[in-house]
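Visitor: Mind having a look at this structure? Questions to follow.
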Amino acid sequence: LSPSPNKSFRRTSILRGLTPTPFTQESSPIFWLVQEFNTQVALYRELVISIGDVSVSCPSLRAEMHKTRTKGCEMARQAHQKLAAISGPEDGEIHPEICRLYIQLQCCLEMYTTEMLKSICLLGSLQFHRKGKEPGGGTKSLDCKIEESAETPALEDSSSSPVDSQQHSWQVSTDIENTERDMREMKNLLSKLRETMPLPLKNQDDSSLLNLTPYPLVRRRKRRFFGLCCLVSS
-4 LSPSPNKSFR RTSILRGLTP TPFTQESSPI FWLVQEFNTQ VALYRELVIS
46 IGDVSVSCPS LRAEMHKTRT KGCEMARQAH QKLAAISGPE DGEIHPEICR
96 LYIQLQCCLE MYTTEMLKSI CLLGSLQFHR KGKEPGGGTK SLDCKIEESA
146 ETPALEDSSS SPVDSQQHSW QVSTDIENTE RDMREMKNLL SKLRETMPLP
196 LKNQDDSSLL NLTPYPLVRR RKRRFFGLCC LVSS
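If you count by my numbering, then the sequence shown holds residues -4 to 229, one letter each, in order.
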């Protein structure tokens, strides 16, 4: 007797608490989890764009960025775990919707780490600019300081005390360190995602990944040519 085609899916469904039915977007929690992570990445990107905006409070913006980034990292970890459990590399057939989830999660992680790097660069640049404006930040002439005080940009708080400036610098440095830590974690998660990606999906080229057929992907068998020492491609 040949094994049931849904045997592997039924085994995975029991482990993950899913119903042993064919994979559909509506019945899969992983689909909505990846979609929510996609939305979270978009929200974080909007916050990164707001860095340096004179109409946005820097402490509140950094707090919102930390909250959004932490939530996004947790979603990414859960999505990777659930996706790896649904489709293992030993399965012979990969549903095209699962392939799309792998591709979408990979793209979201790549954009997520890129936006984290942008935020690190922008926060570091603003911090460097703020230190340059401090009294002990450099040796400038009195005339130059008077001209700069008359043209102080709106994002600089000229009434802040040295203690406030030092505390602000420490907070920004802490945010940069936390962002670097989360970025390293997401890069490691992206590497794990590429390693645990099903073999049929690894063997597909970019064109076939973007135009998946409604039929499950199967492992490609290597074609053997007997009696030929070389092949000439057209």
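No residue lacks a Cβ here, since even glycine has one placed at the ideal position from N, Cα and C.
Below 8 Å on the Cβ atoms is my guess for Tyr97 versus Leu78; work out the distance and round it to an integer in Å.
Guide: Translated into the one-based positions of the sequence shown, residue 97 becomes position 102. Translated into the one-based positions of the sequence shown, residue 78 becomes position 83. Right, the Cβ-Cβ distance comes to about 7 Å (below 8 Å), so this counts as a contact.
Visitor: Are Thr63 and Leu104 close, meaning C-beta to C-beta below 9 Å?
Guide: The sequence position of residue 63 within the sequence shown is 68, counting from 1. The sequence position of residue 104 within the sequence shown is 109, counting from 1. Their beta carbons are not under 9 Å apart, which means Thr63 does not touch Leu104 by this criterion.
Visitor: Run through DSSP, which three-state label would Val167 get?
Guide: As a working mapping, residue 167 is identified with position 172 in the sequence shown. Of the three classes helix, strand and coil, the one that applies to Val167 here is helix, per DSSP.
Visitor: Have a look at Met192 and Asp177 and give me their C-alpha separation to the nearest angstrom.
Guide: In the sequence shown, counting from the first residue as 1, residue 192 sits at position 197. In the sequence shown, counting from the first residue as 1, residue 177 sits at position 182. Rounded to the nearest angstrom, the two C-alpha atoms are 22 Å apart.
Visitor: Starting from the Cα of Leu112, find the closest Cα among Arg179, Asn183, Phe26 and give me that residue.
Guide: The residue labelled residue 112 in the question sits at position 117 within the sequence shown. Comparing Cα-Cα distances from Leu112 to each of Arg179, Asn183, Phe26, the minimum goes to Arg179.
Visitor: Tell me whether Gln162 is buried or exposed, calling it buried when 16 or more other Cβ atoms sit within 10 Å of its Cβ.
Guide: As a working note, residue 162 is residue 167 in the sequence shown. Exposed, because fewer than 16 other Cβ atoms sit within 10 Å of the Cβ of Gln162.
Visitor: Going straight from the alpha carbon of Gln166 to that of Gln101, what length do you get?
Guide: As a first step, residue 166 is located in the sequence shown; it is residue number 171 there, counting from the start. As a first step, residue 101 is located in the sequence shown; it is residue number 106 there, counting from the start. Near 31 Å, if we compare the C-alpha coordinates of Gln101 and Gln166.
Visitor: Identify, in the order they occur along the chain, each residue of the same chain with its Cβ nearer than 6 Å to the Cβ of Leu185, setting aside the five sequence neighbours on each side.
Guide: What you label residue 185 is simply residue 190 of the sequence shown in a count that begins at 1. Counting only Cβ-Cβ distances below 6 Å, and skipping sequence neighbours, we find Leu104.
Visitor: In this structure, does DSSP put Leu56 in helix, strand or coil?
Guide: Position 61 of the sequence shown, counted from the first residue, corresponds to residue 56. Three-state DSSP puts Leu56 in a helix.
Visitor: Could you tell me the alpha carbon to alpha carbon distance between Glu190 and Asn33, rounded to whole angstroms?
Guide: The residue given as residue 190 occupies position 195 in the sequence shown. The residue given as residue 33 occupies position 38 in the sequence shown. Rounded to the nearest angstrom, the two C-alpha atoms are 21 Å apart.
Visitor: Buried or exposed for Thr174, please, with buried defined as at least 16 other CB atoms from any protein chain shown within 10 angstroms of its CB.
Guide: Sequence index remark: in the sequence shown, residue 174 carries index 179 (1-based). That one is buried.
Visitor: In this structure, how does DSSP classify Met111 when only helix, strand and coil are distinguished?
Guide: Residue numbering aside, residue 111 sits at position 116 when the sequence shown is read from its first letter. It is helical.
Visitor: In angstroms with no decimal places, state the Cα-to-Cα distance between Pro54 and Ser168.
Guide: As a working note, residue 54 is residue 59 in the sequence shown. As a working note, residue 168 is residue 173 in the sequence shown. Straight-line Cα distance between these residues: approximately 13 Å.
Visitor: Identify, in the order they occur along the chain, each residue of the same chain with its Cβ nearer than 7 Å to the Cβ of Ile25, setting aside the five sequence neighbours on each side.
Guide: Here residue 25 refers to the residue found at position 30 when the sequence shown is read from its first residue. Counting only Cβ-Cβ distances below 7 Å, and skipping sequence neighbours, we find Ala74, Lys77, Leu78, Ile81, Leu96.
Visitor: According to the neighbour-count rule (16 or more other Cβ atoms, all chains shown, within 10 Å of its Cβ), is Asp48 buried or exposed?
Guide: The residue given as residue 48 occupies position 53 in the sequence shown. With fewer than 16 Cβ atoms within 10 Å of its Cβ, Asp48 is classed as exposed.
Visitor: Since Arg40 contacts Glu110 with CB under 8 Å, what's their CB separation in whole angstroms?
Guide: For the purposes of this step, residue 40 is taken as residue 45 along the sequence shown, with counting starting at 1. For the purposes of this step, residue 110 is taken as residue 115 along the sequence shown, with counting starting at 1. Rounded, the Cβ-Cβ distance is 5 Å, consistent with contact.
Visitor: Return the residue from the list Val29, Ile115, Trp27, Arg72 that minimises the CA-CA distance to Met60.
Guide: Residue mapping note: residue 60 aligns to position 65 of the sequence shown, counting from 1. Comparing Cα-Cα distances from Met60 to each of Val29, Ile115, Trp27, Arg72, the minimum goes to Ile115.
Visitor: For Gly67, is the classification buried or exposed, using 16 other Cβ atoms within 10 angstroms of its Cβ as the cut-off for buried?
Guide: Numbered from its first residue, the sequence shown carries residue 67 at position 72. By the neighbour-count rule (16 or more Cβ atoms within 10 Å), Gly67 is buried.
Visitor: If Ile171 and Leu117 are in contact, beta carbons under 8 Å, what's the gap, nearest whole angstrom?
Guide: For the purposes of this step, residue 171 is identified with residue 176 of the sequence shown, where counting begins at 1. For the purposes of this step, residue 117 is identified with residue 122 of the sequence shown, where counting begins at 1. Actually they are not in contact, since the Cβ atoms of Ile171 and Leu117 sit about 10 Å apart, beyond 8 Å.
Visitor: Can you tell me whether Met192 is helix, strand or coil according to DSSP?
Guide: In the sequence shown, counting from the first residue as 1, residue 192 sits at position 197. Note: Met192 maps to coil in three-state DSSP.
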